[in-house]
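Enquirer:
Protein chains in written order, with my numbering: chain B, 2 to 285; chain C, 7 to 656.
1. Helix or strand or just coil, what does DSSP make of residue 232 (chain C)?
2. Taking 6 Å as the limit between beta carbons, can you name the residues of its chain near residue 270 (chain B), skipping five residues before and five after?
3. Determine the contact status of residue 312 (chain C) and residue 61 (chain C), defining contact as a CB-CB distance below 9 Å.
4. Just to make sure I have the definition right: I need the residues of chain C whose C-beta is within less than 7 Å of the C-beta of residue 173 (chain B). Which are they?
5. Would you mind working out which of C:231, C:268 and C:304 sits nearest residue 194 (chain C), comparing C-alpha positions?
6. Tell me which same chain residues have a C-beta within less than 8 Å of the C-beta of residue 37 (chain B), skipping the five on either side of it?
7. Roughly how many angstroms separate the alpha carbons of residue 28 (chain C) and residue 52 (chain C), rounded to a whole number?
8. Ends of the alpha helix (DSSP H) at residue 168 (chain B)?
9. Could you tell me whether any Cβ in chain B is nearer than 9 Å to the Cβ of residue 188 (chain C)?
10. Mind checking the segment 91 to 111 of chain B against chain C and listing, in chain order, the residues whose C-beta falls within less than 8 Å of any C-beta there?
11. What are the start and end residues of each continuous beta strand (DSSP E) run of 3 or more residues lying completely inside the segment 433 to 486 of chain C, in chain order?
12. Is the CB-CB distance between residue 223 (chain B) and residue 150 (chain B) below 9 Å?
13. So, is residue 49 (chain C) buried or exposed, given that buried needs 16 or more other C-beta atoms within 10 angstroms?
14. Can a CB atom of chain C be found closer than 9 Å to the CB of residue 181 (chain B)?
15. Using a Cβ-Cβ cut-off of 9 Å, state whether residue 479 (chain C) counts as contacting chain B.
16. For residue 504 (chain C), tell me which candidate among B:57, B:187, B:275 and B:167 has the shortest Cα-Cα distance.
17. Counting only the same chain and skipping the five closest in sequence on each side, list residues whose C-beta sits under 6 Å from that of residue 488 (chain C).
18. Would you call the segment 115 to 134 of chain B and the segment 189 to 197 of chain B in contact, with 3 or more CB pairs under 8 Å?
19. For the alpha helix (DSSP H) containing residue 180 (chain B), name the first residue and the last one.
20. Is it buried or exposed, residue 623 (chain C), if we count other Cβ atoms within 10 angstroms and call 16 or more buried?
21. Mapping the DSSP letters down to three states, classify residue 130 (chain C) as helix, strand or coil.
22. Nearest chain C C-beta to residue 204 (chain B) closer than 9 Å, yes or no?
23. Residue 601 (chain C) to residue 177 (chain C), Cα distance in whole Å?
24. Count the other C-beta atoms from every protein chain shown that fall within 10 angstroms of the C-beta of residue 119 (chain B), then say buried if there are 16 or more, exposed otherwise.
25. Taking only the alpha-carbon atoms, compute the straight-line gap between residue 291 (chain C) and residue 211 (chain C) and give it to the nearest angstrom.
26. Measuring only the C-alpha atoms, how far is residue 80 (chain C) from residue 94 (chain C)?
27. Look up residue 413 (chain C) in the DSSP assignment and say whether it is helix, strand or coil.
28. Under a CB-based cut-off of 9 Å, is residue 408 (chain C) close to chain B?
29. Pairs of beta-carbons, one from the segment 241 to 259 of chain C and one from the segment 294 to 301 of chain C, closer than 8 Å: are there three or more?
30. Since I believe residue 213 (chain C) is in contact with residue 183 (chain C) (beta carbons under 8 Å), could you give me their beta-carbon distance rounded to a whole number of angstroms?
31. What's the gap between the Cα of residue 268 (chain B) and the Cα of residue 63 (chain C)?
32. Would residue 242 (chain B) be called buried (16 or more neighbouring beta carbons within 10 Å of its own) or exposed?
33. Could you check the C-alpha separation between residue 83 (chain C) and residue 319 (chain C) for me, to the nearest Å?
34. Are the C-beta of residue 141 (chain B) and some C-beta of chain C separated by less than 9 Å?
35. Quick one: does residue 448 (chain C) have its CB under 9 Å from some CB of chain B?
36. I want to verify the contact list: residues of chain B whose CB lies under 7 Å from the CB of residue 472 (chain C), in sequence order.
See the structure below:
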């Protein structure tokens, strides 16, 4: 019965708490982004010079910015760009990182040594600096920001997924697959990939949060979404210049970014704890 | 009788899982007398480890002690405060765990770890602690204590690590040693040495021992009294001789019959079914589902412990006092089937032995066929000559460093005729697993030839290699590792057929037929491996191997990771499958008792080389090589006594 004994109840409760909070916040952020596509109280670009930098009121729940544009409308309308940045960059990072991780983790040997030293070199560059380097080549813009952040995230995925692949590849079911004559491609994608989904999902959801912040930073630097289009990073960029006059325009996008990043991170942590618990139950 | 050292009274421990309390130990009453060895036997999940953890008060957070007390020297360990426990644990009661590799700190020398106990708990100064550490390492019969003390855990073998753990446990000079499967993770020879050590230590330092194992033969080596646990309940308890000679519980009888005996070639008998993990609550006998002698009474009421004579022999069975009732109810249908099967097996064993005689009688003819004189029946399925496998280790980055070459297999030759079982025997590191993998072309060979059905395996083109992969399969030691946790049983078993282009309808039919043949049903098709017990997982692994109707199956320690009772059923199944499909086995094992039951020929390996090989009977009755004799002597066996006549072993 020691297998049952291995479940620390407190850890299970914490995993559940994280999952519930993380999933709720994540769902909220996605809902805001989707709602913004269909509805906003005012046109996000509608200028009202009589009500510039206004504090929250019934007419403008989150106040107005320096051109008198409704902050709530802009948070709603810009949401999809920020969220897309997070998901898009993560998807791209995985699309690049997964095949490399499977290849090096499966074949090991010299290929692995060469590729991983290269990956280590890339990992030593801070993600945002790496993304900036890519932007230098591609020029500013939302799509370019997704590409830059995706490429910048891929070395981390290679590193994390490869270690899971190494672990999975050491199992006898992989030897059994080789013994019955499966192709290397099937073993990588048919046997190993399903077994390493857990860390991929965990790291993926945490990375969505990172990429979201990274995207906001790029937009803040004027390298992501281009004005007059809004996203949360652009809004913070514009608002911080007037912070000494009014911090209200800053508050809306800042809360939006914080909430979604915390949401994705908690979701990832909760998933990790949950999957880890299941694993320790299974292994016992 | 003197006061007991430890008195467990009416102990019930449950685990809170998903809001439900699952009992792990139920109403256990057990005493440990001074200078006594009590052996606790049971399958995994029987609650034996939980009982030990309760004595240490090391129960995990979700464990609930529902009733009972554990008294040591006037203190109830379950209710003692932290300070009291700190005085008792390690000093008065010490525990030794199954896996020494996880119990030792990898970052400290083993000497420092033992000395730490001595300085912190016994208040010794550094110099005295070092001296005492060396004494303790000498006590557990490790040569050159100063050298061992300066070593890190990973520099020691498994057996040496377990000795270090024992030395550490002895450092506080405890009255009571609790040993949780201390030899299960070890090779047979190492296990024998550790058992011998425990026996001599017991004589020397006279502490009392509780020895827990799933292997009755190991427990029988040491125990004064034996307790048998099943699903958390004490099924039988009594003096070792009584329990072994006159087992009075169907479960104990099952366990005894499940132990493979090195002395005879007679297949051990498994206990059908698996232990229930449902929260059974005392409504009926816990062994009901698996008992061949269950009567109405067993369904309607839970048996109490029945006293049998004066020696303290008790058994939890309604019919404990009527041994004939649990040994000779011939009307039972299942039992008749059982007897028929038994006769069948005996006949098979007979045939195999006769074949051995023929083989020995005709060496000249066999030599001729080996030289390639026509293809008679004796043409081997697999013939290996001069096979060597080398690894290059430590070559460094991009292989630029200077590697040292490890010769895992050296110049091995063997012949495996069709429908026969060749056992390759040796300890870990003997090269037997590397040999097995090389035969399946999973390792690059360095030298030699592997000929399967007349064709050199390493010269096969892609198409013929595919055919070879279909005809040669492998079954692994660890059933959990050999099944992909994300795949359903149906997909796992069907995959080889998909690979070899079998049509969908045909596939389903063959998958179900194969599952049936290994004793599973269609109900398992949709399950994931984590929903299966160890024995069921191994059955699925067997089904995957047999579904392509292979001619050669390599069995790499197929029962080592399983409980003894499950091991017996898997061995039976393997012989059945051999008869059904006509395949040959290459059985890799370190357990000679298992090998004895199934092998036609035996090859003993050590350090990559063959020490001895020949017909099984010859190896077991007239071993020529000293290493073979050592291996044979190491197998723990039940003491040789007249065995009770039960349908399990008659």
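In this text, a Cβ means the ideal position worked out from N, Cα and C, and glycines have one as well.
Expert: Reading it off the structure:
1. strand
2. 19
3. For residue 312 (chain C) and residue 61 (chain C), no; Cβs fall outside 9 Å.
4. Contacts between residue 173 (chain B) and chain C, judged by CB atoms closer than 7 Å, involve 482, 484, 487 and 488 in chain order.
5. C:268
6. Answer for residue 37 (chain B): 76, 77, 78, 79, 80 and 81, listed in chain order.
7. 12 Å
8. 143 to 170
9. no
10. 111
11. 453 to 458 and 478 to 481
12. no
13. By the neighbour-count criterion, in which a residue is buried when 16 or more other Cβ atoms sit within 10 angstroms of its Cβ, residue 49 (chain C) is buried.
14. It does: the Cβ of residue 181 (chain B) has a partner Cβ on chain C nearer than 9 Å.
15. yes
16. B:187
17. 482 and 547
18. They do not touch, by the three-pair rule.
19. Judged by DSSP secondary structure, residue 180 (chain B) falls within the alpha helix (DSSP H) whose first and last residues are 173 to 180.
20. buried
21. coil
22. no
23. 39 Å
24. It counts as exposed.
25. Looking at the two C-alpha atoms, the distance is approximately 41 Å.
26. 12 Å
27. Residue state, collapsed to three classes: strand.
28. Chain B contact via Cβ: absent.
29. yes
30. 5 Å
31. 36 Å
32. Classification for residue 242 (chain B): exposed.
33. 26 Å
34. no
35. yes
36. When 7 Å is used as the limit between beta carbons, residue 472 (chain C) is near these residues of chain B: 182, in chain order.
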